[in-house]
Every structure is written in structure tokens, then in C-alpha cells.
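Remarks on the structure that follows.
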Amino acid sequence: MTVAAPAPPPDEAVAGRSLWQDALRRLLRNRAATVSAAFLAVLVIACVVVPWRIDHKEQHTAAKFEPPGHSAITGSFHPFGTDELGRDLFARCFYGGRISLLIGLVATLVAVVIGTLYGSIAGYAGGRLDNLMMRFVDVLYGVPYMLIVLLILVVVEKRGLVPIFAALGLFQWLTTARIVRGQVLAYKGREFVQAARTIGASRSRILLRHLLPNVMGPVIVYSTLMVPSVILQEAFLSYLGLGIQEPHTSWGLLASDGARALNPIETYWWILTFPALFLGTTLLALNFLGDGLRDAFDPKGRRA
Amino acid sequence: MLRYALLRLLWLPAILLVILGITTWLMRTAPGSPFAAERKVDAQIEAQIEKKWGTDKSGWKWFGEYLKGLARGDLGPSFKVQGRTVNDLLGAAIPVSLTLGLLALFLALLIGIPAGFLAGLRQNSVWDYGSMAIALVGISLPAFVIGAFLVMWLVFKWESLPVGGWGTVKQLMLPAITLSAPFAAVIARLARAGVLEVVHEDYVRTAKAKGLPKGEIVLKHLVRGAILPVISYLGPAAAAIFTGSFVVEKLFRIPGMGMHFVNSAINRDFSLILGVVIVYSTLLVCFNLLVDIAYGFLDPRVRLGK
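As they're listed, the protein sequences go chains A and B.
First residue of the first sequence: 1031, per the numbering used here; consecutive thereafter.
First residue of the second sequence: 22, per the numbering used here; consecutive thereafter.
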């Protein structure tokens, strides 16, 4: 409804609280969500800076599986120890974070763009086209999509980021499309849309300028929760050896290397624990932030 | 009701057709063949192999033959596992996955529902934060990490449980816990959300105003409404849990369906892929139908099929 309200006189501009301002205020009051957001901001900066300052590729075959601490062989300090090729795990965790976060963000972005377009077209067109488009979504919901993702990755044969973005983004948009369609349906009969139509706004203008801003709230909430699930799926793909390939790495790949190195004789606990810690805390923070956003946009029934 | 159920079951062929279409299409357009080997095979032999599995025919023709077999309950020979039919492979794996899945589902409900209800009823208390923090950890870690930690502590460190295999109850414990963890976490969160949704409803307030004891309000009025989100999640969850998990099966060496799920795709074993998909989609459609029927019983506002 941000669009419908006539512009208030300039001196009272602060008085009009939009849906967004309300949501922001509620979000800032949620301590778990704000702490998570701050943590994520610091983490993103660290993931950009650390691998750039500390070498994550340098191998010391003599110094493999060195426990955390100072290593006599490499002559340097490894806060998280070294991996099976003697690489510094601290640097690799941050480098892996770069890629994990990138995958999470880009695949989510792909899914949100496709889902928003698809859902808004279906919702706005209505009638038979809507019915057809949404039945197609229903059918895709029934497909075990991981199987198709695996098939695509196997068939493409080229390893790299792009096939992973595409394969993971390909099925994530379904729920976004449903949400957006529902929202568009709810809003398209409202007065401000009728008003826009009456003054001769084109279809695409109504959709882009009047409907989408109102739709984005739930979409943002849902996509915050989509990022962690995409990162988890990439971890699963890496575990299968279909995700990121060496010498690049991701938290999922690091953690699965850690799980693979598990044996009854010697526990190299650090190569599993530290990547898992990064993965876990990041996903935890993203989930907290997502929950906080949901409560902020939809305070119904969640009063303390 | 019956009409509604039958209509819903009609979805199954639609889903199967889509998957069949996608897999057949991928199979046809993909470079390389499922029979490609390290060594160069004689062209004549290759033609024979192609003929045996029917891949010399066009996609549509193969599809037709496959459907004919399917009507007889024959899922065809596996492309990659030599001398075994898909019926064989799935027949051996399904009971294993079903047993493990049943146990895991039971565990997930046993842990998730009480934890979620407790958190919801005592919102913003230590119980709430504690159980939701644990649930979030369950959601935030991949299964192979949870499983690996369990193995590291319970098996290697304390040597209290066997590391894997199939047959004894003790061997079932770790895989069942690992498999149930993410589901328990989601169920707990949904149950909590369900309670919070219902707590402020008028009919609960009415019950309170009538002076009913708290226990009775929770059991008779709250549970019915609050459990709905969990119920609707159980459809896809049960389908996923019963088809097994590759990670759990690999970690604990269990001969279940999750293996076939992943290996069939990686090996391009197309008949096995289709077999797995048929099992999964059938389970999904059936469980979702059961969920909707359960909804009708639990929520008086929902009436199926008009």
C-alpha cells in the first residue's frame, strides 16, 4: 500500500510508516536476528579478506594432518591445523566460505527471479493460463528433484560453479512462484491497482511498480531461509563428489573431507569440526535472520 | 471422499510422465552412453548391447516398451548392475529402508512434537530457547556431519555402539538417530509455530473462559489445531524418510534405497532411476493424500471434495 497513499506534506513525511519501516523496526527489536545479521556481515567481510591475505593453496606434504597450533614442519602457526595435503585449514575455511556463500546467494537469486516472474505472471493473468502454470508447478513438486539435479550434473560433465547454480536454482523457484502468485492474487483487486489501471498504466507497469513491491516481503523472508537450504544442498553434492572440485573448496567439501578422514585409529577431529562449525553457525545465523524477518513482516499470533 | 482420493491418485501418472520425459530426454541428449567403458568396444558389440537394453530405439519407442513392461509390473533389467533386474534390486532394498524409515519417523515424532509443544506453550522461556536452539542445529548441519560426529563420539571414543551394518537392533540405533535428526528438528519448529498460531484463537480463549483446566485445553482444543502444520509436513517427510538417505546408508553401510537413488543417477542407470522415481513418487502422492484426509478429520473447517 506504499504506492496508494497520496504524498504527505513534506514536514509530516516521517509520520507515515510504511510496511517496510514497520518491519525494520520490529526486526531491530529482535536480538537474535540483529546479532545474526551483524555476524553474517563480519563473516562475509572475513571470507573476502582472509583468503586474499593468507595463502590457502600452499601445500606441505610433510605437514599433513597437523593439529591446531604451531607446526614445526611448516614453521608457521595454524589455528585450525592442516588438512591431508598440509594446507592451512584456517585459510581454507574462509576460502570455502566464499564459495559456499556465493552459491547460496546466486542460486537463491536465480530462484527468486524465476519464481517471482513465473508467479506474478500466473497470478496476474489468472484463468486458464494461471491454472496451467500452477498445475505444472504441482507436477514438478512431485519430482524427486535431487535426482534430476544429480542427473544434470552427471550429464553436463563440466564441473564448476555455473552448473551448480543452474541445477540448484532450477527447482528452488517453485515455492517462490506459489507465494508470489498468492500475493498477486490477493492484491490485484485492490483499489490502488484499479486506480492505476484507470489512469491507463500498462500491464507491465502495474505489475512492476504497483504489485511487486507489495509482494516482496514474504519473498525476502522465504529467500533468507532458502540460502541455508541451498548451502546444505551444495554440501550434499560435494559429499557425493559432484559439487565444487579441488583445488577450490566449500564448507560442504571441507566437512565431507573431514567426515571421510574419520577412522578408528586416529581422530583428526579438527578437519571435521572447524568446517562444520563454520557451516553450522552461518546456517544458524541465516535461519535466525529468516525467522526474525518472518516475525517482522507477519507479527500475527507471535506476540510475546 | 472416494472420488476425491481417486482424482488425487490420477496425479501419479502425470508426475511419472514428466520424470520419464525428463530422464529420457537427458538420456538421449547427453553425450556418452551408460555403456561407455574405459576400453573401446567393438562397434558390433556395442550395437548388440544397445539392442539388448533397447537404447537403439528412439526415445518414444523405448518409452512405449517401458510402459508396457510397467503394466506387467516389470521394471526391466538394470543398465549397470549386471544380471540384476530393477525389481530385484528394489525388492531387496525397500524392506530395509522401510524398517529404518519407520523407526526414524517414530523417533522424529517422539522428539519433535513434545519439544515443539513445550516451546510453544512456554514461549520465550528457557525451554523455548533451548529446544529451538537444538532444533536449529539439527537443521543447520548436513546429515553427514551429524552422522560423522555421532560416529566419532559414540563409536570411536566411547565404543558403545557398532559402526554399521544391518541386522541387529543395536546396529539400527545410530542410523535411525542420524536419519531422524533433521526431521525431528523441522517437526519441533512446525509444532511450535502451530501452537503459537492456535493459542490466540477464539475457541481457545472460549475454553479458557469456561474455566477448563489447562491440561484439558491443551489436549482437547490446542493439539488438534496445532498439529496441522506437522501433519502437512509429514507427507513429503515420510516419502523422503522411507526412500532412505544416501548419506546415512553410506556412513553406516546399510543396503537401502538411498544408495540406488544416488548411484542410479551417477551411473546413468536409467531403468533403475525410473524404478526409484516410481517408488518415491508413489509414496509421495499416497502420503500427501493421507495427509489431506487426516486434515479433514482434524480440522472441522476442511471438507474434502465438496
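Glycine included, every Cβ here is placed at the ideal spot set by N, Cα and C.
Every value quoted in this text rests on a predicted model; they were computed, and no experiment measured them.
Secondary structure at G1099 (chain A): strand, using DSSP grouped into helix, strand and coil. Going by DSSP, K229 (chain B) is part of the alpha helix (DSSP H) stretching over 223-230.
Residues of chain B whose Cβ lies closer than 7 Å to the Cβ of N1161 (chain A) do not exist, since the nearest Cβ in that chain is about 14 Å away.
Only residues of its own chain outside the window of five on either side were considered, and among them D95, L96, G97, P98, S99 have a CB closer than 8 Å to the CB of T106 (chain B), listed in chain order. For S1106 (chain A), no alpha helix (DSSP H) segment is defined, and its DSSP state is neither H nor E. By DSSP's assignment, P1174 (chain A) forms no beta bridge with any residue. Under the 8 Å Cβ criterion, the segment 189-209 of chain B counts as touching the segment 136-144 of chain B, having at least three qualifying pairs.
When secondary structure is reduced to three states using DSSP, D290 (chain B) falls in the coil class, being assigned neither helix nor strand.
DSSP lists B:T106 as the bridge partner or partners of P98 (chain B).
Assigned with DSSP and collapsed to three states, T1112 (chain A) falls in strand.
Chain A has a Cβ within less than 7 Å of the Cβ of L157 (chain B). Per the Cβ contact rule, the segment 154-167 of chain B is in contact with the segment 268-288 of chain B (3 or more Cβ pairs under 8 Å). Contact annotation: L1242 (chain A) and G1320 (chain A) have beta-carbon atoms that are not nearer than 7 Å.
The three-state secondary structure of D1118 (chain A), taken from DSSP, is strand.
Here the C-alpha atom of L1162 (chain A) lies approximately 33 Å from the C-alpha atom of H281 (chain B). A direct Cα-to-Cα measurement between V283 (chain B) and K89 (chain B) gives close to 26 Å.
Listed by position along chain B, the residues whose Cβ is nearer than 7 Å to that of S1286 (chain A) are F165.
Taking 7 Å as the threshold, the shortest C-beta distance from Y87 (chain B) to chain A does not fall below it.
Between the beta-carbon of G168 (chain B) and that of T120 (chain B) there is about 18 Å, and that puts the pair past the 8 Å contact cut. W148 (chain B): member of the alpha helix (DSSP H) spanning 147-161, first to last residue. Residue-level contact by beta carbon fails for L249 (chain B) and chain A, as no gap is shorter than 7 Å. Close to P1193 (chain A), with beta-carbon spacing below 7 Å, lies no residue of chain B; the smallest spacing is near 13 Å. For R289 (chain B), the chain A residues whose Cβ falls inside 9 Å of its Cβ are L1181, V1184, V1185, in order along the chain.
Looking at the backbone, the Cα of N288 (chain B) and that of A125 (chain B) are separated by about 28 Å.
For N1060 (chain A), no CB of chain B lies under 7 Å from its own CB, so it is not counted at the interface with that chain. Listed in chain order, the non-local C-beta contacts of K101 (chain B) below 6 Å within the same chain comprise N288, D290, local neighbours out to five positions each way being set aside. Here I1144 (chain A) is near W1203 (chain A), since their CB atoms are less than 7 Å apart.
Taking 8 Å as the cut-off between beta carbons, the residues of the segment 1253-1275 of chain A near chain B are P1258, L1262, A1265, F1266, Y1269, L1270, L1272, in sequence order. DSSP, reduced to helix, strand and coil, places Y316 (chain B) within a helical segment of the structure shown.
A Cβ-Cβ separation of about 6 Å places S1150 (chain A) in contact with L1237 (chain A) under the 8 Å criterion. DSSP places Q1202 (chain A) inside the alpha helix (DSSP H), whose first and last residues are 1191-1217. Residues A1326 of the same chain have their beta carbon placed closer than 6 Å to that of R1056 (chain A), with the five preceding and five following residues left out of the count. Of the residues B:T50, B:R245, B:V117, the one whose Cα lies closest to the Cα of Y316 (chain B) is B:R245.
Looking from the CA of T1205 (chain A), the closest CA among A:I1250, A:T1312, A:G1134 belongs to A:I1250.
Membership of R1290 (chain A) in the alpha helix (DSSP H) is indicated by the continuous run 1281-1290.
At a cut-off of 7 Å, the C-beta of V39 (chain B) has a neighbouring C-beta in chain A.
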